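Residue numbers (my numbering): 644 to 926.
Even glycine gets a Cβ: it sits at the ideal position worked out from N, Cα and C.
It should be emphasised that the depicted structure is a prediction, and the values quoted were computed from it without experimental measurement.
Heads up: the structure comes next, in structure tokens.
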Amino acid sequence: MKIHFLLDEQVHLQPCPTFVSAMALLADRGFTVTRGIPEAALLCPDRMCVRHDLYVLESRSELALSVAAVLHDRGGQFLNPYPACALAQNRITAASRLAAAGVAVPRSWVTADFAMLCELAAEQTVIVKPYRTSAACRHVVAHGPDDLVGIPLREQPVLVQEFIERCGPDLQLQVIGEQVGAVEREAPTAAAVTVTPELREIALRCGRVFGLSVYSIDIVQGPEGPVVVDFDRAPCLAGVPQAAALLARHIENVVGGHTPLQRHPPTLHVAPGWSGLLQGMAA
């Protein structure tokens, strides 16, 4: 059985240690494991064909996502299905999909009108994020219009979200299959924290919304409870105990047919109370 990893070494210099260790474990178990960097190859899209039993899209780059799209169209099987990765990599569609499924997310807006964005920032504190999780642009916390100077609204779409007051440390929940780990995001090291039943349910629900099995979510503990502020479909999994072994076993189960694969995200069932909001999103 052949497994191919699409990595992002050119951005991170070295691939994620968890994935490197998982690849070594899979090779020890008899799998043919290869890896590639799309940016380091000269590819001919019309001649690409599926040569592996499973692909693992660990890179967040736009080129890697495009290569995954071509392989998906030609029958390639992915650990995280390409259509779900494409949805999750766009923060606008990700936030909308999570909200419609009843996941607590910040109130969000999109616009390319700088004057409207300034009016919003004058009324409340907002966070402006690049719409692609692969973008290198930083998040901007705007306490007023003066903090928005220099944001290239028309060069690249942005997602604007309300600022959530913190009632505890920010968390990152990391998921492999049904295993959920948690770390404090601002800690000097990846300090593990206890995963409560509430946090576990939030994490697994987010995965079900997209049909993903390996991912992470960023959580802000707000006045009304945990709020999901970001979704990453290609995490390094540093906070999950024995992450490499769990990842290798999960991949082995997928390749062996013990864990079902999805080729498309599940149909979105809008949570009660959200249909009216979706119809009036421009408000």
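- Touch check for the stretch 836 to 845 and the stretch 893 to 911: three-plus C-beta pairs under 8 Å? The count of Cβ pairs closer than 8 Å, one atom from the stretch 836 to 845 and one from the stretch 893 to 911, stays below three, leaving the stretches out of contact.
- Should Ser918 go down as buried or exposed, given a rule of 16 or more other Cβ atoms within 10 Å for buried? Position 275 of the sequence shown, counting from 1, holds the residue named residue 918. Because Ser918 sits at a pLDDT of 49, beneath the cut-off of 50, its placement in the model cannot be relied upon, and the following sentence gives the value as read from the coordinates. Exposed, by the Cβ-count rule.
- Task: Could you spell out the range, first to last residue, of the beta strand (DSSP E) harbouring Glu620?
- Result: Nothing can be reported for residue 620: it is not among the residues displayed for the chain, which extend from 644 to 926.
- Are Val883 and Gly824 closer than 8 Å when you measure CB to CB? Looking up residue 883 in the sequence shown gives position 240. Looking up residue 824 in the sequence shown gives position 181. For Val883 and Gly824, yes; Cβs fall inside 8 Å.
- Message: Cutting at 7 Å between CB atoms, please list the residues of its own chain near Cys761, excluding the five before and the five after it.
- Response: Stepping through the sequence shown from its first residue, residue 761 is reached at position 118. Once the five neighbours on either side are set aside, the close Cβ partners of Cys761 are Pro788 and Leu791.
- Message: Starting from Arg892, trace the alpha helix (DSSP H) in both directions and tell me its first and last residue.
- Response: Working through the sequence shown from its first residue, we reach residue 892 at position 249. Going by DSSP, Arg892 is part of the alpha helix (DSSP H) stretching over Ala886 to Val898.
- Query: So is Glu798 buried or exposed if we call it buried at 16+ other beta carbons inside 10 Å?
  - Reply: Within the sequence shown, residue 798 is the residue found at index 155, counting from 1. With fewer than 16 other Cβ atoms within 10 Å, it is exposed.
- What residues in its chain sit with their C-beta under 6 Å from that of Gln804, if we drop five residues either side in the sequence? To locate residue 804, count along the sequence shown from 1; it is residue 161. For Gln804, same chain residues with a beta-carbon under 6 Å away, outside a window of 5 residues either side, are Pro749, Ser751 and Ile770 in chain order.
- Have a look at Gly899, Thr910, Val913 and Ala914 and flag the residue whose alpha-carbon is nearest the alpha-carbon of Gly673. In the sequence shown, counting from the first residue as 1, residue 673 sits at position 30. Out of Gly899, Thr910, Val913 and Ala914, Gly899 has the C-alpha closest to the C-alpha of Gly673.
- Task: Give a yes or no on whether the C-beta atoms belonging to Leu802 and Tyr774 are separated by under 8 Å.
- Result: The count along the sequence shown starts at 1 and reaches residue 802 at position 159. The count along the sequence shown starts at 1 and reaches residue 774 at position 131. Yes, the pair counts as a contact, with Cβ atoms nearer than the cut-off.
- Message: Suppose the cutoff is 8 Å on Cβ atoms and the five residues either side in sequence are ignored; what does the same chain contact list for His715 look like?
- Response: Working through the sequence shown from its first residue, we reach residue 715 at position 72. Spatial neighbours of His715 in its own chain (CB-CB distance under 8 Å, excluding positions within 5 residues in sequence) are listed in chain order as Phe721, Pro724, Tyr725, Pro726 and Arg906.
- Task: Just the C-alpha distance for Leu921 and Met666, rounded to the nearest angstrom, thanks.
- Result: Within the sequence shown, residue 921 is the residue found at index 278, counting from 1. Within the sequence shown, residue 666 is the residue found at index 23, counting from 1. Note that Leu921 scores 45 on pLDDT, short of 50, meaning its location in the model is unreliable; the coordinates nonetheless yield the value given after this. Rounded to whole angstroms, Leu921 to Met666 spans 42 Å at the Cα level.
- Report all residues from its chain with a CB closer than 6 Å to the CB of His912; omit the five preceding and five following residues, and keep chain order. By one-based count along the sequence shown, residue 912 stands at place 269. Excluding five sequence positions before and after His912, none of the CB atoms of its chain fall closer than 6 Å to its own CB.
- Item | N-terminal and C-terminal residue of the alpha helix (DSSP H) that Val852 is part of | In the sequence shown, residue 852 corresponds to position 209, counting from 1. Boundaries of the alpha helix (DSSP H) harbouring Val852: Pro840 to Phe853, taken from the DSSP string.
- In chain order, which continuous runs of the alpha helix (DSSP H) of length 4 or greater are located wholly inside the stretch 730 to 800? Given a length threshold of 4 residues, each whole run of the alpha helix (DSSP H) inside the stretch 730 to 800 is given here in chain order: 734 to 743 and 757 to 766.
- Item | Rounded separation between Gln822 and Ile894 - CA only | Your numbering for residue 822 matches position 179 in the sequence shown. Your numbering for residue 894 matches position 251 in the sequence shown. The straight-line gap from Cα to Cα measures roughly 13 Å.
- Query: Does the beta-carbon of Glu867 have 16 or more other beta-carbons within 10 angstroms, so that it is buried, or is it exposed?
  - Reply: Working through the sequence shown from its first residue, we reach residue 867 at position 224. Around the beta carbon of Glu867, a 10 Å sphere encloses fewer than 16 other beta carbons of the protein chains shown; the residue is thus reported as exposed.
- Message: Using the Cβ count rule (16 or more neighbours within 10 Å means buried), how would you classify Gly719?
- Response: As a first step, residue 719 is located in the sequence shown; it is residue number 76 there, counting from the start. By the neighbour-count rule (16 or more Cβ atoms within 10 Å), Gly719 is buried.
- May I ask you to list the residues that DSSP assigns as paired with Ile819? Counting from 1 along the sequence shown, the entry for residue 819 is found at position 176. BP columns for Ile819 point to Gln822 and Val857.
- Query: From Ala888 to Ser664, what distance separates their C-alpha atoms?
  - Reply: In the sequence shown, residue 888 corresponds to position 245, counting from 1. In the sequence shown, residue 664 corresponds to position 21, counting from 1. In this model, Ala888 and Ser664 are separated by some 8 Å (Cα to Cα).
- Message: Could you check whether Ser702 and Asp651 sit closer than 8 Å to each other, using their CB atoms as the reference points?
- Response: Within the sequence shown, residue 651 is the residue found at index 8, counting from 1. Within the sequence shown, residue 702 is the residue found at index 59, counting from 1. In contact: Asp651 and Ser702 (Cβ atoms closer than 8 Å).
- Confirm, please, whether the CB-CB distance from Ser859 to Pro840 is below 8 Å. The count along the sequence shown starts at 1 and reaches residue 840 at position 197. The count along the sequence shown starts at 1 and reaches residue 859 at position 216. No, the pair does not count as a contact, with Cβ atoms beyond the cut-off.
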